[in-house]
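Participant:
Residue numbers (my numbering): 16 to 279.
(1) Is the stretch 232–243 in contact with the stretch 198–211, if contact means three or more CB pairs nearer than 8 angstroms?
(2) Over the uninterrupted beta strand (DSSP E) stretch that includes residue 51, give me the two end residues.
(3) With C-beta atoms as the reference, is residue 12 less than 7 angstroms away from residue 170?
(4) Short check: CB of residue 101 to CB of residue 35, under 7 angstroms?
(5) Take every Cβ of the stretch 97–115, pair it with every Cβ of the stretch 157–173, and state whether three or more of those distances are shorter than 8 angstroms.
(6) Measuring CB to CB, does residue 107 end up less than 7 angstroms from residue 90?
(7) Quick check: the Cα distance between residue 242 and residue 84, rounded to an integer number of angstroms?
(8) If you follow the alpha helix (DSSP H) that residue 221 is in, where does it begin and where does it stop?
(9) Output the residue ranges of the beta strand (DSSP E) runs that lie fully inside the stretch 140–210 and measure 3 residues or longer, sorted by chain position.
(10) Which of the three DSSP states is assigned to residue 290 in this structure?
(11) Can you give the Cα-Cα distance for residue 25 and residue 215, rounded to whole angstroms?
(12) If you measure between the beta carbons of residue 97 and residue 56, is that distance less than 7 angstroms?
(13) Check this for me: beta carbons of residue 226 and residue 194, under 7 angstroms apart or not?
(14) Cutting at 8 angstroms between CB atoms, please list the residues of its own chain near residue 130, excluding the five before and the five after it.
(15) What is the DSSP secondary structure of residue 232, counted as helix, strand or coil?
(16) With distances taken Cα to Cα, identify the nearest neighbour of residue 31 among 41, 59, 88 and 71.
(17) Locate the beta strand (DSSP E) running through residue 30, then write down its first and last residues.
(18) Considering only the beta carbon of each residue, do residue 229 and residue 61 sit closer than 7 angstroms?
(19) What does a CB cutoff of less than 7 angstroms around residue 150 pick up in its chain, not counting 5 residues either side in sequence?
(20) My guess is that residue 211 and residue 95 are in contact by the Cβ rule of under 8 angstroms, so how many angstroms apart are they, rounded?
(21) Just the C-alpha distance for residue 161 and residue 191, rounded to the nearest angstrom, thanks.
(22) Where does residue 239 fall in DSSP's three states?
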C-alpha cells in the first residue's frame, strides 16, 4: 500500500506511536477500531483526518482527548502521557451538546465554572470568547433560539473558554448548510491563527480537509491505520477562492487515490 512520507516536526505537541484500540462487542468478541497508528502533530499545525465510515477517526480523536484509553501504544501530549481529559485540550463534537436550559453565555461559561474560575474572571472570559465567535449579541438566548450555525459557534466558544492549546473537532459543521459551513470554516481558521492553536479536525469532505489543513492524514477502513500523510501546498491566510487553485485538484486526487487503494 502506497504512503506519502513527510518529515515530522522536531517537537510534536501530539505524538501517537503504535496505538491500537478495540471494543468489546459481546459474545467474547472484540472489534479492533485502530491498529498500529503513528501520528505526530507539531504546535500550530492544522491537521485533518479523513477516511471511510468506521475507520476510527472519532476513536482516534477521543484517545487524544483523554476520553478513551488505548489498548496498546503510546499517546503523548506535550511529552506527557495522555491519561484523561486535560483542560489544555478542547473538544467540539458533531452535535453542539448545549444545555438547553442555559443561555449561550452560561453554556460557554460552564467549563470555567467546573474549573473553579472566579466569577469576575469567568464573566470576562465568556464575554471575550463570545465576541471571538460572533455571538456577543446572542449571549442571553437559549439554544432553541439559535440557528444551527450559531449553536455550533456556541459549542466552539465553550471549547475555547479554557484557552486550550489543542483543539479537537469531530465533524463540527457537517449538520449545517454548505454556505454556513464555508463561513464557519473561514472563522475557524481565523480563530486558530489568532490564538496560535493546534487543530486536529475529523471530516468526510476532501475539499474541507484541504481548505482547513496543513496536512491531510488518510485512514484505512477498519481497523484504521495511517495510509497517507499529505501536505497541502496552499499559503495562509486562506480564502474560499483558494479552492479553485490547481493544487487543490491535485491534492484531492492524491487523497482519493489513497482512499481507493486502502479500500481495495
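The C-beta atom is built at its ideal place from N, Cα and C for all residues, glycine as well.
Facilitator: On the basis of the coordinates in this document:
(1) The stretch 232–243 vs the stretch 198–211: no contact.
(2) Per DSSP, residue 51 belongs to the beta strand (DSSP E) from 44–57.
(3) With the chain covering 16 to 279 only, the question about residue 12 has no answer from this structure.
(4) Cβ atoms of residue 101 and residue 35: not closer than 7 angstroms.
(5) By the Cβ criterion, the stretch 97–115 is in contact with the stretch 157–173, since at least three pairs of Cβ atoms, one from each stretch, lie closer than 8 angstroms.
(6) With respect to residue 90, residue 107 sits apart: the two C-beta atoms are not nearer than 7 angstroms.
(7) Rounded to whole angstroms, residue 242 to residue 84 spans 22 angstroms at the Cα level.
(8) Boundaries of the alpha helix (DSSP H) harbouring residue 221: 221–227, taken from the DSSP string.
(9) Runs found: 181–185.
(10) Residue 290 cannot be examined here, being either before or after the span of the chain that is shown, 16 to 279.
(11) At residue 25, the pLDDT of 47 sits below 50, so the modelled position is not reliable; the number obtained from the coordinates is stated separately. Straight-line spacing of the CA atoms in residue 25 and residue 215 works out to 18 angstroms.
(12) For residue 97 and residue 56, no; Cβs fall outside 7 angstroms.
(13) If you check the CB distance, residue 226 and residue 194 do not come in under 7 angstroms.
(14) Answer for residue 130: 102 and 177, listed in chain order.
(15) Strand, per DSSP.
(16) Closest by C-alpha distance to residue 31, out of 41, 59, 88 and 71, is 88.
(17) Segment 27–41, the beta strand (DSSP E) holding residue 30.
(18) Between residue 229 and residue 61, the gap from beta carbon to beta carbon is short of 7 angstroms.
(19) Closer than 7 angstroms at Cβ, skipping near neighbours: 119, 165, 168, 169 and 172.
(20) No, residue 211 and residue 95 are not in contact; Cβ-Cβ is about 20 angstroms, not under 8 angstroms.
(21) So the alpha carbons of these two residues sit roughly 13 angstroms apart.
(22) Looking at residue 239 - three-state DSSP - the assignment turns out to be strand.
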